[in-house]
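**Student:** If you read the protein sequences in the order shown, they are chains A and B.
For what it's worth, our numbering labels the leading residue of the first sequence as 1, then goes sequentially.
For what it's worth, our numbering labels the leading residue of the second sequence as 176, then goes sequentially.
Quick one: structure below, then a few questions.
2 protein chains.
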Amino acid sequence: MGDEVTRVMVAVNESSIKGYPHPSISSRGAFEWTINKIVRSNVSAFNLFFLHVQVPDEDGFDETDSIYASPEDFRNMKQRDRIRGIHLLEYFVNRCHEIGVVCQAWIMMGDPKEVICHEVKRLRPDFLVVGSRGLGPFQKVFVGTVSEFCWKHAECPVITIKRKPDETPQDPVDD
Amino acid sequence: MGDEVTRVMVAVNESSIKGYPHPSISSRGAFEWTINKIVRSNVSAFNLFFLHVQVPDEDGFDETDSIYASPEDFRNMKQRDRIRGIHLLEYFVNRCHEIGVVCQAWIMMGDPKEVICHEVKRLRPDFLVVGSRGLGPFQKVFVGTVSEFCWKHAECPVITIKRKPDETPQDPVDD
Chain A
1 MGDEVTRVMV AVNESSIKGY PHPSISSRGA FEWTINKIVR SNVSAFNLFF
51 LHVQVPDEDG FDETDSIYAS PEDFRNMKQR DRIRGIHLLE YFVNRCHEIG
101 VVCQAWIMMG DPKEVICHEV KRLRPDFLVV GSRGLGPFQK VFVGTVSEFC
151 WKHAECPVIT IKRKPDETPQ DPVDD
Chain B
176 MGDEVTRVMV AVNESSIKGY PHPSISSRGA FEWTINKIVR SNVSAFNLFF
226 LHVQVPDEDG FDETDSIYAS PEDFRNMKQR DRIRGIHLLE YFVNRCHEIG
276 VVCQAWIMMG DPKEVICHEV KRLRPDFLVV GSRGLGPFQK VFVGTVSEFC
326 WKHAECPVIT IKRKPDETPQ DPVDD
């Protein structure tokens, strides 16, 4: 029944709700689902690969109190993004350490859906787990859906974990 | 990490390639993938639910050597369909028995994609596994895609397992 471990890639992102960098509700839900429903107590049989894709342009605009006046400001901003990304991945790596699952985590820059599919091609996981806000069709038009793109284009099986209805924030586009 | 077992529904169908009723290539692939990559040696933590949906009208037309002249002929045909379905499910139940996974299997009549989503609603599995021929967009137009419909409409996470390229029969629409 297979001596090789099952390699699971989990695409994770930051919450859009302000505060210290923490995982989005749907990322955390997708991770916990994978542990509870798939890995369960068989921790030595699975390896988890956490991929966090940062969108280079959008991130800066969150910080409306910042003024960019020199090249160094932009370097600092990039450095801050990097630190935020590392904190995000730390959450998942710590959880895996508590549970006893071997994992790896890394950050890439670009369009999340494109980068995820590219990394699937490169690393060939057994399957990909993606969280989804579970929005209706009207809301989806404005936010795009990484999960749908990955389901169609990733070269491995994809499992989409929708956010639980009782975890939906006030603005359902938030996550 | 969850005392309850993980309940996995697997939608299975008959092969379109003639011969004694046997599972389609993609159904068998989806099942074996689930065992090898998810269940692994943790057999007591999973229950498998095999759903086979028979399409009432199409099945009869396979038997071009049959003449239907009385109501009894149709009863016999239905009885034959039923027996074929039972044989199909027997394959999966036997495999589970060999492996040591608890399972259930049942047959329903109707449009597979609709019935699968309805049964998901009724039984609330933790996730649904569906095999797919992995056809290109042109071929898909003619055969419809149960997996895509289920991915969009089933009220649980769905994992689609594409047929391996080296298992594609001469006519890729066959399965």
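C-beta: ideal position from N, C-alpha, C; glycine also.
Keep in mind it's a predicted model, so treat the numbers as computed, not measured.
#1: In the structure shown, what three-state DSSP assignment does A:V101 receive?
#2: Contact check, B:G306 vs B:G204 under 8 Å by CB: the rounded distance?
#3: Given a cut-off of 8 Å, decide if B:F302 and B:V183 are closer than it, judged by their beta-carbon atoms.
#4: Is B:D234 helix, strand or coil when you go by DSSP?
#5: Please compile the residues from chain A whose C-beta is within a distance smaller than 8 Å of the C-beta of B:D353.
#6: Which two residues bound the contiguous beta strand (DSSP E) that contains B:K337?
#7: For a quick check, are the C-beta atoms of A:K113 and A:V158 less than 8 Å apart?
#8: For my contact list, B:E189 and B:S199 are in at a C-beta cut-off of 8 Å; report their separation, rounded to the angstrom.
#9: When we look at the beta-carbon of A:S41 and count the other beta-carbons within 10 Å, is it buried (16 or more) or exposed?
#10: Determine the burial state of A:A69: buried for a count of at least 16 other Cβ atoms within 10 Å of its Cβ, exposed for fewer.
#11: Quick check: B:I291 and B:C331, are their CB atoms within less than 8 Å of each other?
#12: Name the two residues that bound the continuous alpha helix (DSSP H) containing B:G204.
#13: What in chain B is Cβ-close to A:P157, meaning under 8 Å?
#14: Do B:P231 and B:M393 come within 8 Å of each other at the CB atom, strictly closer than that value?
#15: Please name the residue or residues paired with B:Q229 in a DSSP beta bridge.
#16: What does DSSP give as the partner residues of B:E342 in its beta bridges?
#17: Quick one: which chain B residues come within Cβ less than 7 Å of A:W151?
#18: Return the CA-CA distance between A:R82 and A:E148, expressed in angstroms with no decimal places.
#19: What I want to know is whether the C-beta of B:A220 ends up closer than 7 Å to one or more non-hydrogen atoms of the ligand ATP.
#20: What are the boundary residues of the beta strand (DSSP E) that includes A:E130?
#21: To which residues of the same chain is B:V228 closer than 8 Å at the C-beta, ignoring the five residues directly before and after it?
#22: Which residue marks the beginning of the alpha helix (DSSP H) containing A:V146, and which one marks its end?
#23: Report all residues from its chain with a CB closer than 6 Å to the CB of A:R163; omit the five preceding and five following residues, and keep chain order.
#24: Using only the alpha-carbon positions, how far apart do B:K253 and B:L223 sit?
#25: Which of helix, strand or coil does DSSP assign to A:A45?
#26: In this structure, how does DSSP classify A:G85 when only helix, strand and coil are distinguished?
**Tutor:** The short version:
#1: coil
#2: 6 Å
#3: yes
#4: For B:D234, the pLDDT reaches just 47, beneath the cut-off of 50, and the residue's location in the model is therefore unreliable, although a value from the coordinates is still provided. B:D234: helix per DSSP, three-state reduction.
#5: No information on residue 353 of chain B is available, as it lies outside the stretch 176 to 350 that chain B covers here.
#6: V333 to K337
#7: no
#8: 6 Å
#9: exposed
#10: exposed
#11: no
#12: I200 to W208
#13: W208, I334, T335, I336 and K337
#14: This structure leaves residue 393 of chain B out entirely; chain B is present only between 176 and 350.
#15: B:M284
#16: DSSP, once it has assigned bridges, lists no residue as partnering B:E342.
#17: W326
#18: 27 Å
#19: Ligands are entirely absent from the displayed structure, and the ligand ATP is therefore not among its contents.
#20: It should be noted that the sequence gives Val, not Glu, for residue 130 of chain A. Here the beta strand (DSSP E) through A:V130 covers F127 to S132.
#21: A186, N188, I282, M283, M284, G285, D286, P287, V290 and I291
#22: V146 to H153
#23: I25, S26, G29, R133 and G134
#24: 27 Å
#25: helix
#26: helix
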